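Numbering (this note's numbering), first residue to last: 2 to 162.
Beta carbons: idealized from backbone N, C-alpha and C, even for Gly.
A quick note: this is a predicted structure, and the numbers were derived from the prediction, not measured.
What follows is one structure encoded as structure tokens, with my remarks underneath.
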């Protein structure tokens, strides 16, 4: 792998340093978050044709090879998961549809077109967590619809706001 990890030495009297960054050959520029031990970045997620934030577990030397592989595998199966993801998100969000006057969300396929995939987190081998938001601004801007997938199967959903 032709990746470059750059440490930046502390500067100034506060001994602050620039973040640890990595130029990954297939994922582009990543930044290390030592607090949660992930490499964070943004990629063009081809199945939806939009940029999505990514978090990959790893160490200070780079994302774990299994995490990169899990992201690649997830990308390959994403379209086959869309009907199940739409059902899961609809079940999770259904109690709020009427209160938010989302009349265009009367079925899972309709709701699917009202959400956007914001983040893909690879938190363990074969363990993916997705964060969706509502695509329409001003409806519920801080709603985060979360889906946990293990080995290609949806195992948990939850809502944060």
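Between the beta-carbon of residue 133 and the beta-carbon of residue 116, is there less than 7 Å? Contact flag set, yes.
If the criterion is Cβ atoms closer than 7 Å, does the pair residue 80 and residue 48 meet it? Taking the C-beta atoms as reference points, residue 48 is found nearer than 7 Å to residue 80.
Alpha carbon to alpha carbon, what distance is there between residue 106 and residue 64? One C-alpha to the other measures close to 38 Å.
To the nearest whole angstrom, what separates the beta carbons of residue 147 and residue 161, a pair I think is in contact under 8 Å? Sure, about 6 Å apart at Cβ, within 8 Å.
How about residue 118 and residue 53: are their beta carbons less than 7 Å apart? Here residue 118 is near residue 53, since their CB atoms are less than 7 Å apart.
Let me make sure I understand the geometry here. Which of 71, 113 and 28 has the alpha-carbon closest to that of residue 136? Looking only at 71, 113 and 28, the smallest Cα-Cα distance to residue 136 is reached by 113.
Taking 7 Å as the cut-off, decide whether the C-beta atoms of residue 44 and residue 31 are in contact. No, these two residues do not count as a Cβ contact at 7 Å.
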